[in-house]
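Note sheet for the following structure.
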């Protein structure tokens with residue numbers, strides 16, 4: 004019996020804790036019972052209350068109700084006219100109404116308001132039905148995603164689905180985004196892996212979906228892949244015309260990210276007509292430093308990063324771009340790989356190749372180098388890798404020997420140096436690099452320990468500061484400290500020195516920390532590459548409409564006769580059907596365009612900010628230079644994306660009779676065109692053509 008009573012109370016409490024409709028239903032049920040009791044008590048009294056109702060023009064069914072719900076009924080109706088049992092019955096009915104009914108109304112209303120407030124705070128109320136942006140999972144990079152969305156569309160609403168405490172998430176967002184933008188953010192509770200929550204947030208009607216999760220969790224990438232599959236399963240149930248335009252999926256592991264840049268694992272997304280974009284925090288930061296060359300400060304001001312090839316803009320300078328990474332963290336590796344994709348330059352006038360040198364300094368370099376070489380095995384089958392041990396005082400070089408011959412035709416060199424950055428030998432190496440007139444040096448302090456990065460950045464050899472070498476210092480959350488130090492020292496000051504003739508010379512110089520820059524902050528990690536995506540679509544459009552008998556793109560006169568609207572329509576159509584690998588190939592080509600534009604300005608004797616001749620046609624000499632640069636870039640791109648050089652028995656250049664069949668090996672990531680530019684056949688025309696259309700890219704994407 005007691006067990007049954009407990010179950011009854013359990014069901015009652017569950018009903019009571021649900022929505023307002025069920026609570027109201029309970030209220031009316033109690034009212035009905037009390038009404039029946041009121042009628043019964045009046046009927047049992049010795050007073051003819053029905054005659055009383057008739058004299059006072061009150062319906063007999065209303066008197067029991069009045070006694071329950073009207074607090075003044077005893078006075079205003081018949082208090083002075085009745086006595087005895089009738090009076091007792093009326094008082095009992097009145098008290099029941101006051102205690103049970105009136106009290107319950109107040110409780111229900113108060114409880115309803117409290118519950119709605121609590122449900123709102125806990126993210127259990129759903130407001131958005133269409134046209135919104137959905138972010139699934141909370142991480143520190145979410146604030147930058149929100150800022151990016153609302154900077155693009157200030158009227159948009161962002162729905163954040165999180166399984167974390169909604170109040171905690173809201174509190175963290177308040178610290179990182181403006182109140183104006185926060186008013187356009189709705190935080191709902193839910194699990195990104197549970198399809199049951201998708202209907203509540205109207206996932207099928209969203210503009211875009213961002214799958215974020217918690218990047219620090221070990222199974223983060225696998226969970227996000229599962230989430231993509233679940234979304235596809237959910238969306239496949241709907242036959243609606245409007246679906247999300249894009250799914251951006253965050254991958255924490257760079258290897259996973261690279262895999263999904265070249266693999267059609269999400270064919271279901273493509274089949275639905277949705278664009279799938281893999282995103283990685285570290286690679287995105289690399290593009291901010293190397294391509295976008297800007298970051299957002301704590302004051303919401305966009306500040307510029309320096310060019311890593313600044314001295315090469317003077318054609319008289321025959322310098323080598325040298326990037327030094329202290330530490331082999333994921334961020335350091337990502338920036339280095341992105342630099343290998345982007346930093347390619349015309350040759351020296353003497354005909355030798357202008358190579359970019361990337362050096363890693365780490366106490367565990369002997370262990371990190373094999374891992375890096377293995378991850379990029381196809382690149383190091385062609386290119387050598389240098390190893391030096393400064394921890395023992397010896398600087399003998401051990402070289403990873405390439406598999407193929409001829410080798411070292413790439414224009415990027417890698418070097419691993421074992422040693423503590425504070426040791427005398429490493430400090431001396433940094434000092435020599437800073438004073439080497441043949442180097443265009445930049446230093447990245449990108450270890451995972453923010454405090455150690457800062458300590459190193461504040462205590463570099465004096466030659467680093469005096470020669471204005473850019474120092475990029477990794478920071479976790481805020482750029483405040485580094486940015487404020489730079490701004491405080493970024494002022495021209497006078498320095499006095501005595502020359503050999505004992506004369507005082509006055510020199511202009513800046514402060515010690517005038518060239519330090521923050522990188523890696525989580526609250527400004529996400530940035531859109533819309534301009535470069537447009538250039539990538541135009542690049543793909545040219546390749547999609549090219550004449551592959553002559554290897555020429557559509558003639559410029561034909562393009563000029565077409566409307567931009569038609570060109571963009573066709574570009575979008577070709578882009579939609581493109582494989583993920585080819586999309587990224589076009590993107591990497593687009594990322595290199597600013598570098599080539601800078602080099603063209605230098606060749607033409609123009610300043611780095613002089614845009615007056617950017618849309619001029621390239622001369623034959625310029626085309627030749629840029630075509631070689633493009634093929635050097637393309638070689639590195641293909642090798643880093645998993646392609647390998649064809650072996651002799653797979654190479655169409657060595658087996659002309661089977662060239663057609665061997666060319667199909669590209670589907671297996673075997674490419675016969677990974678070779679020096681001079682060794683290409685007629686296909687080299689495409690490198691010339693893509694360079695010829697640089698002014699057209701600028702014209703079509705000019706805002």
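In the numbering used here, the protein residues as written are 4 to 706.
All C-beta atoms in this analysis are idealised placements derived from N, C-alpha and C, irrespective of residue type, glycine included.
The model shown is predicted, which means the values in this text are computed figures rather than measured ones.
Contained alpha helix (DSSP H) runs [length at least 4] in the region 315-400, N- to C-terminal order:
333-345, 368-378 and 380-383
For residue 681, count neighbouring C-beta atoms within 10 Å of its own C-beta (all shown protein chains included) and say buried if the count is 16 or more, exposed if not.
Within the chain shown, numbered from 1, the residue matching residue 681 stands at position 678. It is exposed - the Cβ of residue 681 has fewer than 16 other Cβ atoms within 10 Å.
Using a threshold of 7 Å, state whether the C-beta atoms of residue 129 and residue 160 are closer than that.
In the chain shown, residue 129 corresponds to position 126, counting from 1. In the chain shown, residue 160 corresponds to position 157, counting from 1. No, these two residues do not count as a Cβ contact at 7 Å.
Three CB pairs or more closer than 8 Å across the region 325-335 and the region 497-513:
no
Report the option in 186, 140, 302 and 344 whose CA atom is closest to the CA atom of residue 252.
Within the chain shown, the letter at position 249 stands for residue 252. Cα-wise, what sits closest to residue 252 is 140.
What does residue 192 pair with, by DSSP beta-bridge criteria?
Counting from 1 along the chain shown, the entry for residue 192 is found at position 189. Note: residue 192 sits in a beta bridge opposite 165.
Compare the beta carbon distance of residue 645 and residue 265 with 7 Å and say whether it is the shorter of the two.
For this step, residue 645 is matched to residue 642 along the chain shown. For this step, residue 265 is matched to residue 262 along the chain shown. Yes, they are a contact pair.
Contact defined as beta carbons within less than 8 Å: I believe residue 541 pairs with residue 574. What is the distance between those atoms, to the nearest angstrom?
What you label residue 541 is simply residue 538 of the chain shown in a count that begins at 1. What you label residue 574 is simply residue 571 of the chain shown in a count that begins at 1. The Cβ separation is near 6 Å, so the contact holds.
DSSP state of residue 306 mapped onto helix, strand, coil:
Within the chain shown, residue 306 is the residue found at index 303, counting from 1. Looking at residue 306 - three-state DSSP - the assignment turns out to be strand.
When you compare only the Cα positions, how much space is there between residue 203 and residue 218?
Residue numbering aside, residue 203 sits at position 200 when the chain shown is read from its first letter. Residue numbering aside, residue 218 sits at position 215 when the chain shown is read from its first letter. Roughly 25 Å separates the two Cα atoms.
Can you list, in chain order, the residues of its chain whose CB lies under 7 Å from that of residue 702, leaving out five sequence neighbours each side?
Here residue 702 refers to the residue found at position 699 of the chain shown. 618.
Enumerate, from N- to C-terminal direction, the unbroken alpha helix (DSSP H) stretches of 4 or more residues contained entirely within the region 474-507.
483-492
Complete alpha helix (DSSP H) runs within the region 231-307 (minimum length 4 residues, chain order)
257-263, 270-274 and 284-290
Do residue 556 and residue 593 have their beta-carbon atoms positioned less than 7 Å apart in this structure?
Locating residue 593 in the chain shown gives position 590, counting from the first residue. Locating residue 556 in the chain shown gives position 553, counting from the first residue. No; because the gap between Cβ atoms is not below 7 Å, this pair is not in contact.
Given that a residue counts as buried once 16 or more other Cβ atoms are within 10 Å of its Cβ, and exposed if not, what is residue 442?
As a first step, residue 442 is located in the chain shown; it is residue number 439 there, counting from the start. Buried, because 16 or more other Cβ atoms sit within 10 Å of the Cβ of residue 442.
In three-state terms, what does DSSP make of residue 137?
Translated into positions along the chain shown, residue 137 becomes position 134. It is a strand residue.
Would you call the region 360-376 and the region 413-433 in contact, with 3 or more CB pairs under 8 Å?
yes
Got a sec, what are the start and stop residues for the beta strand (DSSP E) residue 415 sits in?
For this step, residue 415 is matched to residue 412 along the chain shown. Per DSSP, residue 415 belongs to the beta strand (DSSP E) from 415-421.
Apply the 10 Å Cβ neighbour rule to residue 74 and answer buried if 16 or more other Cβ atoms are within range, or exposed otherwise.
Stepping through the chain shown from its first residue, residue 74 is reached at position 71. Low confidence applies here, because residue 74 scores a pLDDT of 49, under 50, leaving its location unreliable; read the following figure in that light. The residue in question, residue 74, is exposed, as its Cβ has fewer than 16 Cβ neighbours within 10 Å.
Alpha-carbon spacing of residue 620 relative to residue 423, whole angstroms
The residue given as residue 620 occupies position 617 in the chain shown. The residue given as residue 423 occupies position 420 in the chain shown. In a straight line, the C-alpha of residue 620 is about 50 Å away from that of residue 423.
Secondary structure at residue 648, three-state DSSP: helix, strand or coil?
As a position in the chain shown, residue 648 is number 645, starting the count at 1. Here residue 648 sits in strand by DSSP.
Can you check whether the CB of residue 287 is closer than 7 Å to the CB of residue 338?
On the chain shown, position 335 is the one that residue 338 refers to. On the chain shown, position 284 is the one that residue 287 refers to. No, they are not a contact pair.
Leaving out five residues before and five after residue 122 in sequence, what residues of the same chain have Cβ atoms less than 6 Å from its Cβ?
Here residue 122 refers to the residue found at position 119 when the chain shown is read from its first residue. So the list reads 128, once near-sequence residues are dropped.
Do three or more CB pairs link the region 229-237 to the region 161-175 at distances below 8 Å?
no
Have a look at 167, 482, 261 and 436 and flag the residue whose alpha-carbon is nearest the alpha-carbon of residue 304.
Here residue 304 refers to the residue found at position 301 of the chain shown. Nearest option by C-alpha distance: 482.
Ordered along the chain, which non-local residues of its own chain (more than five positions away) have a Cβ less than 8 Å from that of residue 387?
Residue 387 sits at position 384 when you count from the first residue of the chain shown. The residues are 402, 403, 404, 405, 410, 411 and 416.
If you run the structure through DSSP and keep just helix, strand and coil, what is residue 447?
Mapped onto the chain shown, residue 447 falls at position 444. Strand at residue 447.
Checking the sheet assignment: what are the DSSP bridge partners for residue 674?
The sequence position of residue 674 within the chain shown is 671, counting from 1. Residue 674 pairs with 648.
With H, G and I counted as helix, E and B as strand and the rest as coil, what does DSSP make of residue 550?
Taking the first residue of the chain shown as 1, we reach residue 550 at position 547. If DSSP states are grouped into helix, strand and coil, residue 550 belongs with the strands.
Which residues in the same chain have their Cβ closer than 6 Å to the Cβ of residue 467, if we skip the five residues on either side of it in sequence?
As a first step, residue 467 must be located in the chain shown, where it is residue number 464. Around residue 467: 437.
Coarse secondary structure for residue 200, derived from DSSP in three states:
What you label residue 200 is simply residue 197 of the chain shown in a count that begins at 1. If DSSP states are grouped into helix, strand and coil, residue 200 belongs with the helices.
Say yes only if the C-beta of residue 153 is nearer than 6 Å to one or more non-hydrogen atoms of the ligand PLP, and no if none qualify.
Ligands are entirely absent from the displayed structure, and the ligand PLP is therefore not among its contents.
First through last residue of the alpha helix (DSSP H) which encompasses residue 594
Taking the first residue of the chain shown as 1, we reach residue 594 at position 591. Counting along the chain, the alpha helix (DSSP H) containing residue 594 begins and ends at 583-594.
Please classify residue 447 as buried or exposed, where buried requires at least 16 other C-beta atoms within 10 Å of its C-beta.
Residue mapping note: residue 447 aligns to position 444 of the chain shown, counting from 1. Label assigned to residue 447: buried.
Which residue marks the beginning of the alpha helix (DSSP H) containing residue 692, and which one marks its end?
Residue mapping note: residue 692 aligns to position 689 of the chain shown, counting from 1. Element bounds for residue 692: 687-695.
Quick one: residues in its chain with C-beta nearer than 7 Å to the C-beta of residue 507, no 5 flanking neighbours on either side, listed in chain order?
Counted from its first residue, the chain shown places residue 507 at position 504. Closer than 7 Å at the Cβ level, and outside the excluded window around residue 507, lie 499 and 501.
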